[in-house]
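In our numbering, the protein residues as written are 1 to 252.
Note that CB positions come from ideal geometry on N, CA and C, so glycine has one too.
The structure under discussion appears below in the form of structure tokens.
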């Protein structure tokens, strides 16, 4: 995968996009920078270069020798790797206010994964030298980066456990549950409707399996009454029942 002209917007495309969606090219919403003084954050902001990457475009390519840190100002990206057969395995999603790229910035190595635009995304890119200078000069920021890296490691560990400890159909059920919980603002929702239903490819990428396995598993979960098709939507009939199903499968 690589950048292409239709994946990355021009400066004019960026300006038009920001005007249309009322996006300010500033870093006040970036979680990693929230403990910095406003003056420091504005100074970092002035050093950033700004990019628009269209949905499906490559934000970072694995093994690229680049070292910028990228702040997600608008939109969502997913961090992925590919099997030798070319199948995508998604490891994480990073939304507005998040960041990617700090590992290569810190150790100077090549990029460890692909980062792909899940939607149209606006990014502020901070150069490696400026990022490292900030680490050296600001203890609070250095601790924020360490906490972020720790969360990343914990997330990857859990992802590996899910991939290795669950069979493919059970991973499909787990990903449907995750998508459901992400789609609702209520922590106590008893039933959730995914509007529209995620595609088989989207679920397969997250569950590290095939579209055929996804289709079979969804059909099975529908027959068991755990899921229901409602037009173009997919309903989790009972969140608790689906959670119990996944727990039984993982214990078995």
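Cα-Cα separation, residue i to residue j
i	j	result
residue 4	residue 165	For residue 4, the predicted model reports a pLDDT of 44, less than 50, meaning its position is unreliable; a value from the coordinates is still stated below. Each residue's alpha carbon lies about 38 angstroms from the other.
residue 149	residue 186	28 angstroms
residue 56	residue 135	32 angstroms
residue 22	residue 194	27 angstroms
residue 20	residue 92	28 angstroms
residue 30	residue 114	21 angstroms
residue 203	residue 89	10 angstroms
residue 133	residue 26	20 angstroms
residue 189	residue 233	17 angstroms
residue 147	residue 153	10 angstroms
residue 224	residue 162	23 angstroms
residue 272	residue 244	Outside the shown range of the chain, which is 1 to 252, sits residue 272, and nothing can be said about it.
residue 112	residue 41	27 angstroms
residue 32	residue 137	15 angstroms
residue 250	residue 174	10 angstroms
residue 119	residue 76	6 angstroms
residue 237	residue 227	5 angstroms
residue 58	residue 103	18 angstroms
residue 18	residue 47	19 angstroms
residue 39	residue 116	32 angstroms
residue 270	residue 210	A question about residue 270 goes unanswered here, because the residues of the chain that appear run from 1 up to 252.
residue 13	residue 110	29 angstroms
residue 87	residue 196	24 angstroms
residue 214	residue 63	30 angstroms
residue 36	residue 44	10 angstroms
residue 222	residue 85	30 angstroms
residue 184	residue 192	7 angstroms
Neighbour-count burial assignment, residue i, 16 or more Cβ in a 10 Å radius
i	result
residue 65	exposed
residue 208	buried
residue 2	For residue 2, the predicted model reports a pLDDT of 44, less than 50, meaning its position is unreliable and no value from the coordinates is stated.
residue 247	exposed
residue 124	buried
residue 74	buried
residue 180	buried
residue 28	exposed
residue 171	buried
residue 255	No answer is possible for residue 255: the residues shown for the chain start at 1 and end at 252.
residue 139	exposed
residue 9	buried
residue 206	buried
residue 230	exposed
residue 156	exposed
residue 94	buried
residue 160	exposed
Residues bridged to residue i [DSSP beta-bridge criterion]
i	result
residue 228	235
residue 59	DSSP output for residue 59 lists no bridge partner at all.
residue 99	71
residue 114	80
residue 266	Any property of residue 266 remains undetermined from this structure, which presents the chain solely from 1 to 252.
residue 8	53
residue 30	Looking at the DSSP assignment, residue 30 forms no beta bridge with any residue, so it has no partner.
residue 94	77
Segment limits, beta strand (DSSP E) that includes residue i
i	result
residue 192	192 to 194
residue 73	69 to 74
residue 124	121 to 126
Extent of the continuous alpha helix (DSSP H) to which residue i belongs
i	result
residue 177	168 to 183
residue 165	139 to 165
residue 222	211 to 223
residue 200	200 to 207
residue 23	Unbroken run through residue 23: none, as it is neither H nor E.
residue 64	Segment: none, residue 64 is in no alpha helix (DSSP H) and carries neither H nor E.
Meets three-Cβ-pair contact criterion under 8 angstroms: the stretch 97 to 108 and the stretch 68 to 77: Touching, yes, given that three or more Cβ pairs across the two stretches are closer than 8 angstroms.
For the pair the stretch 78 to 92 and the stretch 129 to 143, tell me if three or more CB-CB distances fall below 8 angstroms. Touching, no.
Should the stretch 167 to 186 be called in touch with the stretch 47 to 61, which here means at least 3 C-beta pairs below 8 angstroms? No, they do not touch.
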